[in-house]
Every structure is written in structure tokens, then in C-alpha cells.
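In the working numbering, the protein residues as written are 2 to 441.
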């Protein structure tokens, strides 16, 4: 064991892991799509780390903006106005298209959701917050209760008022469901949701949360009618609609924000990750004008020492400018189609691939033991034989870095990846899936 790894394991606690089982790679260099370990082995970052390094590693424009701000004023409390804060806020709000909207900056996505919960409750005067099963919104106290997959168990019993609902996941819908098309899928889940709203009492529901596209839980892309139907239900029952854009935002889906693909507009969005590509932590809540105006005369009950951190804001303004300078939205049209074609081919060519889901450079491969029964490769919430780590290990051995969740492998490369790089890396995935086919 190297001295760096030994010291890391001695003093650091690694997230979501039994500490004796972690074996972290010691990283010494990162550039573009790639990073290198202490032995000189090169890895392609095919998950953009945690789906946040959207512009890859070592972007000079972002780094220069951070350095310049660090040399100028590295920190000033959130009560002060600064050029970097004003520039970042303007860029973020304009990117959402929320006319008259405002942003409250946080340090990360979980904090964005934490503060959005408080804002929703304060604005509406209601307690209950609906959020979807199979979603992840963070692991802090409130965001962890929004989360609708097994990682929220660590936050229970948690505070009052959090209610879960079933969102569209046609591939794993009840066996009795016979959907003819996407509208049928949307109608089914919208009926469930409206019933639940009535059961819980709309006069008590402050907000309905959703990931604009469900991320780590399988890149679940709902029908257009679903999103528009949730918007209609929120309007009907005077409930706020909050879209978590932490992972799906900042061009990951091909549009600046994922909701822009589906013809609806939420009342608030939460964001982080791709707004700085992780170079400096930053997140936030963007709210529509009606909510922003509420706080003109009412004190907003949110505050953080590092809200609108100057270096984070400088990084955000530079990052948002870089998306435009590099013409990411147009460049992605080519690579998104290449990735979609490759993934769709896997469904036909690999016995272990039950379904693939993709939008932009946001995708997941769902692995099964049997395509007919759709039995997942590993049971929900369990992997006693360590099958998924073995698959990731095979990818890692060939320099393909990503992560998995349950029986899904995430494929979310930096938005700057070239067609040649993408094809080269997906050839590695193809080879590993051949081995998975043999495993089942």
C-alpha cells in the first residue's frame, strides 16, 4: 500500500462504505476525459466523477476565474454584494428562463434541497412535501428524507411531513399494467398521484418534488405527459412544483436544464454539480418571481456562512460562459446520438441488458438475469455476492471508470467527449457485457 493510500485510510472516512472494504485509487493527474493513478494507469472518466465534471478535468477558463478571485477577495460573508455574486446570480437565473426570478446560493445539491424545503413551507404555510420513490436528493436531514431509495433509511424516523409517491418506471411497473404507449404510462401514474394528493389533503401539501430526470437510480425518463400532468395537478391544488436539476441540469440532457425537454416550468429548481463542474462547491435554489416577491417583505428563513462563496460564484460564472463558448448544446447532438445508437444496440446484442435509458449524455444500462421475466441481476437493495463490484472491476481494469446503483451501470461522460473517445470507451463496455452475458 502506498504512503498516500495508507494515510488516507488511516484518517479519512469514505462515504457509503464499510471502511475496511474501501480501496481508493490514488489520483495524481487529471486532464480532459482522463485521470491517472500513482502507477501511471490512465482511466476514462465515463461518469464525469459523480455526474458533475461536465466540462472535464482541467478547464483553464474555470481555473483562471478561481485563481483570479482567490487573489482578489477569496472570501467575504454573504451579506455583502460583490461583482462575482451578481454575475453568477444573473447567469444562473437567465439560464433558467425564470423572468423576475432570484437565486439563493448554497454549497451543494443537498443544501439546495434543504433550503428549498424551508422556502416551500414558508411560502405556502403548509407542511407536507411529496417526493418520489427511486429518487436521490441528498443525504442531509431534510434532503435525506426527500430521497426515495434505501439511502434514506439512515435518516429515519426524520422530521414530519415527508410523503413518498410512485413515479413512472414502466419497465418495473406492476405486472397487471398493460401499457400501449407513453400516454398510458403517464395516465396510470398521474391517477395514482392525484389519489394520493386527495388522501393526504391538498390543503396540507406545500410542494411536490421530482428529479427532472431521475439520475443515479437508473436515468428514468418519464413521458412528457407525466411532467405536464404533475404541473397541472400542482396548479389545480395550489401546490408548488420543485424540480431537482442537481444532476440533470447544465446541459447533461442536451438542454441547459432537463425540464426544458418536456414543455413545463417548475416553481423552483435546485441545482449544483455542473454549475461549477465540481471545481469549487456551489449549489442553489432558483425561484419564480411570485416566490421571490413574497420575500420582499418577509424575512427568508435561510442562511449559510458560505452562501454565494466568492470563488464558487466566480467558478459558476466562468463555467456557464464556457458551456456557451464551447457550443456544448450543439456539439452534444452528435455524441448523444452516437451514445444512443450504441446503447440501443446492446439491448439486441446482450442477454444481460434488459433496458437502456438515455437522454443527451445521461444514460444507464439496466442488467437482468432474464429478459423475459425482467429479474434484475442483483436483488433490490442487495448484492450479497458482490456482482456489481465485479463488473465495475472489469471495466476499471480496462481503464473505464464509472459507478453502479443496484443493477444499473451509469454512463455519463463529460459533455466535451469526442466521438472517437466515446466509441473507444463503449467498445470496452461492449466487451465487459459479453462477460456479464456469460455470468447469467
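Quick reminder that beta carbons are idealized off the backbone N, C-alpha and C, glycines included.
*asked:* Within 10 Å of its beta-carbon, does residue 329 have 16 or more other beta-carbons around it, so buried, or fewer, so exposed?
replied: buried
_Quick test of your reading: residue 101 and residue 293, contact by CB under 8 Å. State the CB separation rounded to the nearest angstrom._
7 Å
*Hey, would you say residue 252 sits closer than 9 Å to residue 227, going by beta carbons?*
no
*Put residue 402 into one of helix, strand or coil per three-state DSSP.*
strand
_Distance CB(residue 137)-CB(residue 33) smaller than 9 Å_ = no
*Would you call residue 364 buried or exposed, if buried means 16 or more other Cβ atoms sit within 10 Å of its Cβ?*
buried
*asked:* Between 404, 431, 432, 381, which has its C-alpha nearest residue 50's C-alpha?
replied: 404
_Out of 125, 174, 69, which one is the CA nearest neighbour of residue 376?_
174
*asked:* At the level of alpha carbons, what is the spacing between residue 239 and residue 419?
replied: 45 Å
*Kindly indicate which three-state DSSP category residue 350 falls into: helix, strand or coil?*
helix
*Could you spell out where the beta strand (DSSP E) holding residue 35 opens and where it closes?*
35 to 38
*asked:* Considering only the alpha carbon of each residue, which of 200, 155, 229, 176 lies closest to residue 187?
replied: 229
*On the three-pair Cβ rule with 8 Å, is the segment 424 to 436 touching the segment 66 to 74?*
no
*If we call anything under 9 Å between Cβ atoms a contact, is residue 131 one with residue 194?*
yes
*Could you give the residue range of the beta strand (DSSP E) that holds residue 106?*
103 to 107
_Tell me the rounded alpha-carbon separation between residue 48 and residue 298._
44 Å
*May I have the straight-line CA-CA distance separating residue 176 from residue 374, to the nearest angstrom?*
10 Å
_Spatial neighbours of residue 79 in its chain, beta-carbon cut-off 6 Å, leaving aside the 5 residues before and after_ = 308, 309
*6 Å Cβ shell around residue 104 - same chain, five flanking residues per side excluded*: 90, 93, 94, 285, 287
*Measuring CB to CB, does residue 133 end up less than 9 Å from residue 159?*
no
*asked:* What does the Cβ neighbour count give for residue 154, buried or exposed, with the cut at 16 atoms within 10 Å?
replied: exposed
*Which partner residues does residue 488 have in the DSSP bridge list?*
This structure leaves residue 488 out entirely; the chain is present only between 2 and 441.
*Whose C-alpha, out of 246, 318, 9, is nearest the C-alpha of residue 210?*
246
_Anticipated Cβ contact below 8 Å, residue 250 with residue 275, distance rounded_ = 6 Å
_Length at least 3, wholly inside the segment 273 to 302: the beta strand (DSSP E) runs in chain order_ = 284 to 288
*asked:* Run through the DSSP bridge pairs and tell me what residue 44 is partnered with.
replied: 36
*Are at least three pairs of beta-carbons, each pair with one atom in the segment 59 to 70 and one in the segment 311 to 324, less than 8 Å apart?*
yes
*Could you tell me which of 273, 348, 352 sits nearest to residue 320, measuring between CA atoms?*
273
*Can you give me the Cβ contacts of residue 339 inside the same chain, cut-off strictly under 6 Å, excluding the 5 residues immediately before and after it?*
420, 423
*Would you mind reading off the limits of the alpha helix (DSSP H) that contains residue 227?*
225 to 238
*Whole-angstrom distance between residue 144 and residue 112, CA atom to CA atom*: 8 Å
*For the putative contact between residue 139 and residue 114, defined by C-beta atoms under 8 Å, what is the C-beta separation to the nearest angstrom?*
5 Å
*Can you round the beta-carbon distance between residue 323 and residue 56 to whole angstroms, since I take them to be within the 8 Å contact cut?*
6 Å
*Going by DSSP, name the residue or residues bridged to residue 242.*
209
*Beta-carbon proximity check, residue 26 vs residue 280, cutoff 9 Å*: no
*When the Cα of residue 305 is compared with those of 141, 438, 106, which residue comes out closest?*
106
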